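Engineer:
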Amino acid sequence: MALPFLSAEILVYIYREFEARDCYNFLFICKFLTIKLEKDENFWLYLIHLHGKGPSTLIRHNLDIMELRQLNSQNKDPDASLKYIKDYFKKRSWLFKYLNNNKQHGGSSGERFKKYFKEENIILGSICSCPFESNVVIGGYDQKSSSPVLKMLNYKGETIADLLSPKIREKKNISGDVRSISCKNNIIAFNTSYSNDVGIFGIGKDRKVRENFIKVGNQRTNLQVRLNNNGDELAVCSLDGGCSLYDIEKKERLSGFSEPQMPINGFNFSFDDNLFFIAGTSKQNGRQSYKNTGYVKMWDIRQGNGQGNNSVVKCWKEYAECCSISQSEDANFLAYVMNTGITRVIDLRTDQLFSTFAPAYSRIHNFEEQNKVVNEDVCWSPGGHRMLASTSRGNIYFWNTHNGEIILDLEIKKHHESHQIDISDDGSTLYSSLGYIYSVNDVTDIAIYAYLNGLEAEQ
């Protein structure tokens, strides 16, 4: 697909703003630009002339992973794609202002930008970055107005859209706090406490909300929602062990299962939407344990797979409750974190343990806090499977999955029953449900550079 509106002059203007080290961030722009430039010989000649052979080689390596990330054409609007490019450079420039040395901004974590964006009287409960945008959606509860909160913020932590207006709340009788959010393809799915209705909001260019709701049946305990990567199916799981998949357009239940003795704490779709990963608690562990154990399951959710609509492909058992789960961008690795803060990585090619990460807090048993349930989180940094972010008792760690080293330790010194984190698609920003925004471009740049130059150690 060609983009006639993107003239050579515009492209030259855009890439003139690139520094040599920024060229490989082309990975995060858009599929349409990739297709146009892949066959544009003049562009490659210009880029080589501007920066030398290295950056153009990096960009060429980007094409395969770019096609994978954009397989479902998540951004079909060329105008929006061009806007994203401009926003991306604007954001990086804004973050770099807070660094002491622009040319050496990847060095000291003490210089990194940090923003506390929590608003007064609002208790944050969930967070989700917007794909292909520099924004984040937060959910929670406004103590002053006793109403749920669903807002879109920019990378500075400024509110740019109130998605759950009083009119919508009154119309749909929405109450409680927003506990779970998922964003894909300009679609936002969310759930509030005390409600079995899952909101499906379509967000237009003008931030106008097109609201829709799916009723998920009988009363569930602590519902969580997750959109698939194509944005046309919704998974709804809960602590009562129930999980259902819905067709968003038809509002029909496609499949599901219920295992009351195995509450679900975290879940996610594979990148091709054929598999479904679940992390949870096992109450029926067969040995009358003094505490609950954990499990991780991989389900085949393809229709007509010959084994039923929801067949278990693989199951791993753990000594502690499993909280969150995430698949790497290259689709080869699966990471999950337990409520102890220990994170494990599974190589999906061999179904074997790849690495284990144990932060300091996980090695200390505090008897005063042993009954406090902490739902930790884990997510991959863009760029292969080298960098992994996980939480542990309020801290956020970036791990090198190949040598077990801590690349970055963000100490928030706050404690909450649930800590959610997410990283923007361009890898420049990390969002925390404890109310913080961090610039992490130095960490993700390392991961992307290593991946594009074949530095990932194959096991």
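Residues 1 to 459 (full-length UniProt numbering) make up the sequence shown, in order. Ideal Cβ placement from N, Cα and C applies to all residues, glycine included. Since we're looking at a predicted model, the values are computed, not measured.
Work out the CA separation of Arg344 and Met412 for me, nearest whole Å.
Structural biologist: Taking the sequence shown and counting its residues from 1, the one referred to as residue 412 is at position 412. Taking the sequence shown and counting its residues from 1, the one referred to as residue 344 is at position 344. Checking the sequence, you will find Ile at residue 412 rather than Met. When rounded, the distance between both Cα atoms is 23 Å.
Engineer: Got a sec? Which residues, its chain only, sit under 8 Å from Asp422 by beta carbon, not counting five neighbours each side?
Structural biologist: Looking up residue 422 in the sequence shown gives position 422. Counting only Cβ-Cβ distances below 8 Å, and skipping sequence neighbours, we find Ile127, Cys128, Ser129, Val136, Cys379, Leu430, Tyr431.
Engineer: Do the region 380 to 399 and the region 349 to 359 meet, that is, are 3 or more Cβ pairs less than 8 Å apart?
Structural biologist: Enough Cβ pairs lie closer than 8 Å, so yes.
Engineer: Hey, quick one: how far does the beta strand (DSSP E) through Lys172 stretch, first residue to last?
Structural biologist: Residue 172 sits at position 172 when you count from the first residue of the sequence shown. No beta strand (DSSP E) contains Lys172, which is instead part of the alpha helix (DSSP H) from 166 to 172.
Engineer: Asn441 to Ser145, Cα distance in whole Å?
Structural biologist: Looking up residue 441 in the sequence shown gives position 441. Looking up residue 145 in the sequence shown gives position 145. Near 37 Å, if we compare the C-alpha coordinates of Ser145 and Asn441.
Engineer: With DSSP as the reference, label Thr401 as helix, strand or coil.
Structural biologist: The residue given as residue 401 occupies position 401 in the sequence shown. Looking at Thr401 - three-state DSSP - the assignment turns out to be coil, as it is neither helix nor strand.
Engineer: With distances taken Cα to Cα, identify the nearest neighbour of Leu124 among Gly176, Leu408, Ile346.
Structural biologist: Numbered from its first residue, the sequence shown carries residue 124 at position 124. Answer by Cα proximity: Gly176.
Engineer: Near Ile203, which residues of its chain fall below 7 Å by C-beta distance, leaving aside the five closest residues on each side in sequence?
Structural biologist: In the sequence shown, counting from the first residue as 1, residue 203 sits at position 203. Correct list, in chain order: Asn186, Ile188, Val209.
Engineer: Which of the three DSSP states, helix, strand or coil, is assigned to Tyr155?
Structural biologist: Numbered from 1 along the sequence shown, position 155 holds the residue referred to as residue 155. Looking at Tyr155 - three-state DSSP - the assignment turns out to be coil, as it is neither helix nor strand.
Engineer: Where in the region 179 to 251 do unbroken runs of the beta strand (DSSP E), each at least 3 residues long, occur, reported from the N-terminal end onward?
Structural biologist: The region 179 to 251 contains these whole beta strand (DSSP E) runs: 187 to 192, 197 to 203, 209 to 215, 224 to 227, 233 to 237, 242 to 247.
Engineer: Do you know offhand how far Arg393's Cα is from Asp377's?
Structural biologist: Numbered from 1 along the sequence shown, position 393 holds the residue referred to as residue 393. Numbered from 1 along the sequence shown, position 377 holds the residue referred to as residue 377. Each residue's Cα considered, the two are about 10 Å apart.
Engineer: Would you mind working out which of Leu254, Tyr319, Lys251 sits nearest Ala279, comparing C-alpha positions?
Structural biologist: Counting from 1 along the sequence shown, the entry for residue 279 is found at position 279. When only C-alpha atoms are compared, the closest one is Tyr319.
Engineer: For Asn268, which of helix, strand or coil comes out of DSSP?
Structural biologist: Indexing the sequence shown from 1 puts residue 268 at position 268. The answer is strand: DSSP assigns Asn268 an E or B state.
Engineer: Out of Asp445, Ala447, Asp426, Ile446, which has the shortest C-alpha to C-alpha gap to Ser155?
Structural biologist: Counting from one through the sequence shown, the residue named residue 155 turns up at place 155. One detail in the question is off: residue 155 reads as Tyr in this sequence, not Ser. Of Asp445, Ala447, Asp426, Ile446, the residue nearest in Cα terms is Asp426.
Engineer: Can you grab the Cα-Cα spacing for the pair Ser390 / Lys251, in whole Å?
Structural biologist: As a position in the sequence shown, residue 390 is number 390, starting the count at 1. As a position in the sequence shown, residue 251 is number 251, starting the count at 1. The straight-line gap from Cα to Cα measures roughly 34 Å.
Engineer: Can the beta-carbon of Gln327 be found less than 8 Å from the beta-carbon of Ser362?
Structural biologist: Along the sequence shown, one-based indexing puts residue 327 at 327. Along the sequence shown, one-based indexing puts residue 362 at 362. No, the Cβ-Cβ distance between Gln327 and Ser362 is not below 8 Å.
Engineer: Please classify Val443: does DSSP put it in a helix, a strand, or coil?
Structural biologist: Residue numbering aside, residue 443 sits at position 443 when the sequence shown is read from its first letter. Val443: helix per DSSP, three-state reduction.
Engineer: Pull the bridge partners of Ser326 from the DSSP assignment, please.
Structural biologist: Residue mapping note: residue 326 aligns to position 326 of the sequence shown, counting from 1. DSSP output for Ser326 lists Ala335 as bridge partner(s).
Engineer: Within the continuous beta strand (DSSP E) that includes Glu120, where are the two ends?
Structural biologist: Working through the sequence shown from its first residue, we reach residue 120 at position 120. Premise fails: Glu120 is in no beta strand (DSSP E) and is neither H nor E.
Engineer: Helix, strand or coil: which one does DSSP assign to Ala358?
Structural biologist: Mapped onto the sequence shown, residue 358 falls at position 358. Ala358 falls in the coil class under three-state DSSP.
Engineer: State the CB to CB distance for the pair Asn292 and Thr281, rounded to an integer number of angstroms; the pair is presumed to be in contact (CB under 8 Å).
Structural biologist: Working through the sequence shown from its first residue, we reach residue 292 at position 292. Working through the sequence shown from its first residue, we reach residue 281 at position 281. Confirmed, Cβ separation roughly 5 Å.
Engineer: Can you tell me which residues form a DSSP beta bridge with Lys314?
Structural biologist: Taking the sequence shown and counting its residues from 1, one reaches residue 314 at position 314. Answer is Met298, bridged to Lys314.
Engineer: What span of residues does the beta strand (DSSP E) with Asp142 cover, start to end?
Structural biologist: For the purposes of this step, residue 142 is taken as the residue at position 142 of the sequence shown. Counting along the chain, the beta strand (DSSP E) containing Asp142 begins and ends at 136 to 142.
Engineer: Compute every distance between the C-beta of Leu153 and the non-hydrogen atoms of the ligand MG, then say whether any falls below 7 Å.
Structural biologist: Inclusion of the ligand MG in the displayed structure is not the case, the ligand content being empty and no account of it being possible.
Engineer: In chain order, what residues of the same chain have a beta carbon less than 8 Å from the beta carbon of Met387, not counting five sequence neighbours either side?
Structural biologist: By one-based count along the sequence shown, residue 387 stands at place 387. Within the same chain, Met387 has close Cβ partners Trp380, Ser381, Phe398, Trp399, Asn400, Thr401, Ile407, Val443, Thr444, Ile446, Ala447.
Engineer: CB-CB under 8 Å to Phe267, same chain, minus the five flanking residues each way: which ones, in chain order?
Structural biologist: Taking the sequence shown and counting its residues from 1, one reaches residue 267 at position 267. Taken in chain order, the residues that qualify are Gln224, Arg226, Ala235, Cys237, Cys243, Phe276, Phe277, Ile278, Ala279, Ile325.
Engineer: Checking the sheet assignment: what are the DSSP bridge partners for Cys128?
Structural biologist: As a first step, residue 128 is located in the sequence shown; it is residue number 128 there, counting from the start. In DSSP, Cys128 forms a bridge with Val137.
Engineer: Considering Cα atoms alone, identify which of Val337, Thr159, Tyr141 is closest to Tyr116.
Structural biologist: Counting from 1 along the sequence shown, the entry for residue 116 is found at position 116. Out of Val337, Thr159, Tyr141, Thr159 has the C-alpha closest to the C-alpha of Tyr116.
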